[in-house]
Each structure stands twice: as C-alpha cells, then as structure tokens.
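**Q** Residue numbers for the sequence shown follow this note's numbering, so the first one is 16 and each next one is one higher.
Each residue gets a CB set at the ideal place from its N, CA and C atoms; glycine is no exception.
Here it is: the structure, laid out below.
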Amino acid sequence: MGRGRPNRHKFRKLNESAPEAKKRVSQILDDVAVDNRRERVSITDLMRAMDARAVAALILFFSLPNALPALPGTSAVLGLPLLYLCAQMMLGKLPWLPSMIADRSMTREDYSGLVRRVSPLLARAEKLLVPRLLFITGDRGEKVIGAFCLLLAIILALPIPFANMLPAIAISMMALGVLERDGIWVIGGAVVGGLSLVIVWSVVWALAKAAIFLLINAF
C-alpha cells in the first residue's frame, strides 16, 4: 500500500425503509462470512456491507471482539478504527476511515472464525433490545456517548494489564443501545464503563506504587 495521502472512505446514510437497513448487525456479519466471492475481507468491505447504517454499527464490530478472550491477531486490524469511529460519533459525523486503515484485511477463513464467536452472542443480545428512553440516544445523546466511548477506546488501546475486556464490553453495550435506540443498554454500558475506569485507575496506581518502591529500594 502506498504512502500517499490517504483517501477517506465516506458512506451515506440509507433510508430506514431500505431492506438493508432492516437487517440486524449479526445478519450482516454472517452474510459477509458466507460470501464465497472474496478470499479476503477488508474493513472497507465491512463498511460497505453495513451501508453506513450508523457509526455505531462499525463501533460495535470493532469493539465486540476485544470483549472476548483468546482472539490473537485481531487487535491490529480492529483496534485503531475504533478511535476514529468513536471520535466521529462524538462529532456527529458520517463514518469514514483513511485508506491506510480501511484497506487492512484478513482472510475470509479468519473472518469467519471471528464471526462464529461474535455473532451468536450478538444475536442473543439483539433479541433483548427494544426502543426505550429515546432521549438518551438522540443526536445530542449520541455525541456524549461517542465522547465516553472515545475515552474507553483510548484505554482499550493502552498496554495496561487486565484493562481491555471491560471497556470493550461497555463500548459494545452502548453501541448496541444506539443502534436499537435502547437507552437502558446505553445506561448499562455507561455503568460498566465507569467500573472499568475505576479498575484501570487502580491497576495504574498499583503499578506506579510498585515502580516507586523498586526505585527507592534499588539505591
């Protein structure tokens, strides 16, 4: 891939009456997994499959795998876009990614394995979602949610021990809440996110105290 100025991949919002917009995210991910026409699946492919239903759909895809253990090799592909997308939700922008990220890909076999782990959990969660407390997922609410998700995404990207799973779960819950206009799930995700911040602070403080202790006793 060249080092020239990255092209931004922009996607328009579909009319809610379109058939693609009525599909659940789990169904869209499954459709891409069974598409035999492609040998590799890129982030651009996923963005096109989502048809820009919302930035939240892409945030969900990139955060949910990090909420599961033992998924080696996916963070390089799925981690960095999360920062871009959360920032875009915070700013109320349509989803886009520079080509240096959007063109990253994995083999269809690896993608299918990832979907086999994520899709059943996602499908079960989708059955519990119903529109409620709609003021939380309005335009202003989405920007606040995006800002909190961005903070959690930054923590998720940091090499802090035991600090990845809870922020990813929180981001996934809030993204699902935004997608299905379910304010209860957004609140639940915010509570999990707050808990993860407390845990991360505790871990960082413990590591700092250990480092200070070692420095003091080294001389």
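Count the C-beta pairs between the stretch 208-222 and the stretch 99-116 that are closer than 8 Å, then say yes if the count reaches three, no if not.
**A** no
**Q** Could you tell me if ALA225 is buried or exposed, where buried requires 16 or more neighbouring beta carbons within 10 angstroms of its beta carbon?
**A** exposed
**Q** In angstroms, rounded to a whole number, what distance separates the CA positions of LEU61 and ASN232?
**A** 53 Å
**Q** Take SER41 and list the residues in its own chain whose beta-carbon comes closer than 7 Å to its own, dropping the five residues that flank it on each side.
**A** Excluding its 5 nearest sequence neighbours in each direction, SER41 has C-beta neighbours in its own chain below 7 Å: SER134, LEU137, ALA138, GLU141, listed in chain order.
**Q** Within 10 angstroms of the Cβ of LEU191, are there 16 or more other Cβ atoms? Answer buried if so, exposed if not.
**A** buried
**Q** Locate the alpha helix (DSSP H) running through PRO135, then write down its first and last residues.
**A** 123-143
**Q** Can ARG155 and ILE58 be called in contact, C-beta distance under 8 Å?
**A** no
**Q** Just to confirm the assignment, what range does the beta strand (DSSP E) spanning LEU112 have?
**A** 111-113
**Q** Under 8 Å, Cβ to Cβ, is there at least one residue of chain D near SER134?
**A** The structure shown has no chain D; it contains just one protein chain.
**Q** Quick one: using the 10 Å Cβ neighbour count with 16 as the cut-off for buried, is VAL145 buried or exposed?
**A** exposed
**Q** So ALA82 and ILE184 are supposed to be a Cβ contact under 8 Å. How far apart are they, rounded?
**A** 5 Å
**Q** Specify, as a first and last residue, the run of the alpha helix (DSSP H) that VAL49 falls within.
**A** In this chain, VAL49 is not harboured by any alpha helix (DSSP H), its DSSP state being neither H nor E.
**Q** Would you report the Cα separation of ASN179 and ILE186, rounded to the nearest angstrom?
**A** 11 Å
**Q** What are the boundary residues of the beta strand (DSSP E) that includes ARG55?
**A** 55-57
**Q** What does DSSP give as the partner residues of SER120 in its beta bridges?
**A** SER57
**Q** Tell me which same chain residues have a C-beta within less than 6 Å of the C-beta of ALA102, skipping the five on either side of it?
**A** LEU165
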